[in-house]
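K.L.:
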Amino acid sequence: MRFGNQVNRAGLWVIVLGFIVNGSAQAGVDNEAVEAGMVEFQGGAGPIKGYLARPKGDGPFPAVVVIHEWWGLSDWIKENARRLAGEGYVALAVDLYGGKATNDPGEAHELMRALNEKEGVADLKGGVAYLESLPYVRKGEKVGAVGWCMGGGYARKLAQESERIGPTAVCYGAVTLDAEELAHLKGKPVLGIFGADDRGIPTDRVKQFASALKNEGNSVGLHIYEGAGHGFMRPGGPQHNAKAAADAWTRIDDFFAKNLKK
């Protein structure tokens, strides 16, 4: 199924490149119920692309920004967007690397280093504006955010810098103990998904992050999985833990259902 060009109500231009019916092997995605494809919209400094997945129908539906790992906009991230669409959300996975993606850790590291943080957040804000312009997205309500690895950290940063973002799921992404940054998250529901064996993100720091948010009055759900390392939700990865990943998805589904489906 293809759609014509759409105009953002805020004045941003949006081009739908090829919106097609798509399915996924992941739970919660029904070939007959989900439409998905690449779109182009206005980012922080020019046009960027993303992968949009949506339930069929007029809606209006709640919306979620999906943020990729340091690997780029991979097939797995697209599957995650379709999975969320199968649960009733309009999900946009923003491509922060301009079409580049890799399976090589060295190249992924270089791509992440080359990404300017302010520009990345600005592009994600463009994704939020695009979602809010769509006629089948609920108006006047907060948009959710979820990310993994690098994307988990960017989900938090986006929530800190955008009043339009509400419930935020950080999946083994960088956390913060900075008082100013924590203050910008005040009042926003936060879900933390982490592995106990993650050598890059110590569990003590994660617990301090959750405790500090609670002190700010946030609703916080923190789940640290024993026997799970960094990237444990990604199928085929060296740290993949199927049992922990399945439970994490249950937590994510419950989190967004509670905070976005009203």
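Using the numbering used here, the letters of the sequence shown map in sequence onto residues 6 to 267. We treat Cβ as the ideally placed atom computed from N, Cα and C, and that holds for glycine. Just so you know, these numbers come straight off a predicted model, no measurement behind them.
#1: I need the DSSP call for Gly104, collapsed to helix, strand or coil.
#2: If you follow the beta strand (DSSP E) that Phe46 is part of, which residue opens it and which one closes it?
#3: Consult DSSP for His228 and reduce its assignment to one of helix, strand or coil.
#4: Does the beta-carbon distance from Ala113 to Trp81 come in below 7 Å?
#5: Going straight from the alpha carbon of Ser224 to that of Ala184, what length do you get?
#6: In this structure, does DSSP put Gly33 in helix, strand or coil?
#7: With burial defined as no fewer than 16 other Cβ atoms inside 10 Å of the residue's Cβ, what is the status of Leu182: buried or exposed?
#8: Buried or exposed: Gly111, going by 16 or more other Cβ atoms within 10 Å of its Cβ?
#9: Who are the Cβ neighbours of Ala262 in its own chain at under 8 Å, not counting the five residues just before and after it?
#10: Suppose the cutoff is 7 Å on Cβ atoms and the five residues either side in sequence are ignored; what does the same chain contact list for Gly125 look like?
#11: Around the C-beta of Pro243, are 16 or more other C-beta atoms found within 10 angstroms, so that it is buried, or is it exposed?
#12: Please classify Pro240 as buried or exposed, where buried requires at least 16 neighbouring CB atoms within 10 angstroms.
#13: Would Asn85 be called buried (16 or more neighbouring beta carbons within 10 Å of its own) or exposed?
#14: Would you tell me roughly how many angstroms separate the C-alpha atoms of Val175 and Gly49, rounded to the nearest one?
#15: Got a sec, what are the start and stop residues for the beta strand (DSSP E) Thr181 sits in?
P.N.:
This is what the structure holds:
#1: As a working mapping, residue 104 is identified with position 99 in the sequence shown. Coil, per DSSP.
#2: In the sequence shown, residue 46 corresponds to position 41, counting from 1. Taken as a continuous stretch (DSSP letters only), the beta strand (DSSP E) holding Phe46 covers 39–47.
#3: Walking along the sequence shown from the start, residue 228 turns up at place 223. In this structure, His228 counts as strand in the three-state DSSP scheme.
#4: As a first step, residue 113 must be located in the sequence shown, where it is residue number 108. As a first step, residue 81 must be located in the sequence shown, where it is residue number 76. For Ala113 and Trp81, no; Cβs fall outside 7 Å.
#5: Numbered from 1 along the sequence shown, position 219 holds the residue referred to as residue 224. Numbered from 1 along the sequence shown, position 179 holds the residue referred to as residue 184. Ser224 and Ala184: Cα-Cα distance of roughly 17 Å.
#6: Here the question's residue 33 lines up with position 28 in the sequence shown. Because Gly33 sits at a pLDDT of 43, beneath the cut-off of 50, its placement in the model cannot be relied upon, and the following sentence gives the value as read from the coordinates. Three-state result, Gly33: coil.
#7: As a working note, residue 182 is residue 177 in the sequence shown. Flag for Leu182 reads exposed.
#8: On the sequence shown, position 106 is the one that residue 111 refers to. Classification for Gly111: exposed.
#9: For the purposes of this step, residue 262 is taken as the residue at position 257 of the sequence shown. Same-chain partners within the cutoff: Glu92.
#10: Here residue 125 corresponds to residue number 120 of the sequence shown, with the count starting at 1. Leu101, Tyr159, listed in sequence order.
#11: Taking the sequence shown and counting its residues from 1, the one referred to as residue 243 is at position 238. Classification for Pro243: exposed.
#12: Along the sequence shown, read from residue 1 onward, the residue named residue 240 stands at position 235. Classification of Pro240: exposed, given that the 10 Å Cβ count is below 16.
#13: Here the question's residue 85 lines up with position 80 in the sequence shown. Looking at its Cβ environment, which holds 16 or more other Cβ atoms inside 10 Å, Asn85 is buried.
#14: Residue mapping note: residue 175 aligns to position 170 of the sequence shown, counting from 1. Residue mapping note: residue 49 aligns to position 44 of the sequence shown, counting from 1. Straight-line Cα distance between these residues: approximately 23 Å.
#15: Here residue 181 refers to the residue found at position 176 when the sequence shown is read from its first residue. It is not in any beta strand (DSSP E) - Thr181 carries neither H nor E in the DSSP assignment.
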